[in-house]
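J.:
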């Protein structure tokens, strides 16, 4: 059975989608079979793989029961071992559509159960809010990976996220664990980045990945070309960092 990792942080702009795209691509590059689920109505993860958002079968149709999980999968060009369940702005209406659905917190889980044995890793890109879409992602997942930007307000909202994870673990998914924290947008030239890393290490009692994702121009450019960083600029610092993160995650035995 594959590991299902939800990438979540209700604070926007922390590198969540960047991590979902590039971690998934580097896991696939390492020979792992990977499924990426875009649960963010902005659809940035979808377009980051070069997939048209206006496709007919997305995660929105999947959770409404209008298509099967296999019908919703798309294979990005030039990327072996990887499939994507895309999203677009229609997903924003899912909250209301699910109001009258029984066990609406488990709609995604019930669909992914059909295919979870087909993949080594399933990566879920959560929206930057704690809503029903995020709840569905966390009832589906085994673990939650939390990207934290190296900036002054890094810890803001993390306490609430941890509270939500604990609540879902207590009431809906007793197997849910925290995969760990990954630092993003690290700038070695500033004292602030170093201070934030130390502050988080001192205040969060959870696994912190050794790999730190740097602030990198190539990482910022890659999505506009519809490519993950390992295909856009494979020798960049950003590509090497995500390869190292993928290696760390593959090698973990305690999850």
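Residue numbers (our numbering): 18 to 272. No residue lacks a Cβ here, since even glycine has one placed at the ideal position from N, Cα and C. Note that the structure is a prediction, hence the values are computed from the model and not measured.
(1) Which residue comes first and which comes last in the beta strand (DSSP E) that contains residue 55?
(2) Is the CB-CB distance between residue 201 and residue 32 below 8 Å?
(3) Pick out the complete beta strand (DSSP E) segments inside the stretch 42-91, 3 residues or longer, and give them in chain order.
(4) Who does residue 203 pair with in a DSSP beta bridge?
(5) Label residue 120 either buried or exposed according to how many other C-beta atoms from any shown protein chain fall within 10 Å of its C-beta, with 16 as the threshold for buried.
(6) Could you pull the start and end residues of the beta strand (DSSP E) that residue 121 belongs to?
(7) Based on DSSP bridge pairs, tell me the residues matched to residue 319.
(8) Can you tell which of 175, 211, 208 and 192 has its C-alpha closest to the C-alpha of residue 198?
(9) So, helix, strand or coil for residue 226, using DSSP?
(10) Under 8 Å by Cβ, that's how I've got residue 113 and residue 161 pegged, so tell me the actual separation to the nearest angstrom.
(11) Looking at C-alpha atoms only, which residue of 255, 248 and 104 is the closest neighbour of residue 46?
(12) Name the residue from 98, 106 and 80 whose alpha carbon lies nearest to the alpha carbon of residue 118.
(13) Helix, strand or coil: which one does DSSP assign to residue 265?
(14) At which residues does the alpha helix (DSSP H) containing residue 133 begin and terminate?
(15) Short of 8 Å in beta carbon distance, which residues of its chain neighbour residue 106, apart from the five on each side in sequence? Order them along the chain.
(16) Tell me, please, which residues DSSP counts as bridged to residue 29.
(17) For residue 149 and residue 124, I'd like the C-alpha separation in whole angstroms.
(18) With DSSP collapsed to three states, give me the class of residue 147.
T.: Let me spell this out:
(1) Unbroken beta strand (DSSP E) run through residue 55: 51-55.
(2) Yes.
(3) You should have 51-55.
(4) Note: residue 203 sits in a beta bridge opposite 231.
(5) In the assembly as shown, residue 120 is an exposed residue. Its beta-carbon has fewer than 16 other beta-carbons within 10 Å.
(6) Taken as a continuous stretch (DSSP letters only), residue 121 belongs to no beta strand (DSSP E), as it is neither H nor E.
(7) Missing from the structure shown is residue 319; the chain here goes from 18 to 272 and no further.
(8) The shortest Cα separation from residue 198 among 175, 211, 208 and 192 belongs to 175.
(9) Annotated three-state conformation of residue 226 is strand, per DSSP.
(10) Their Cβ separation, rounded to whole angstroms, is 25 Å, which puts residue 113 and residue 161 out of contact at 8 Å.
(11) Sorting 255, 248 and 104 by C-alpha distance to the C-alpha of residue 46 places 248 at the top.
(12) Per the Cα distances, 80.
(13) Reduced to three states, the DSSP call for residue 265 is helix.
(14) It is not in any alpha helix (DSSP H) - residue 133 carries neither H nor E in the DSSP assignment.
(15) Excluding sequence neighbours, residue 106 sits near 58, 59, 60 and 70.
(16) Under DSSP, residue 29 shares a beta bridge with no residue.
(17) So the two alpha carbons sit approximately 10 Å from each other.
(18) Three-state result, residue 147: coil.
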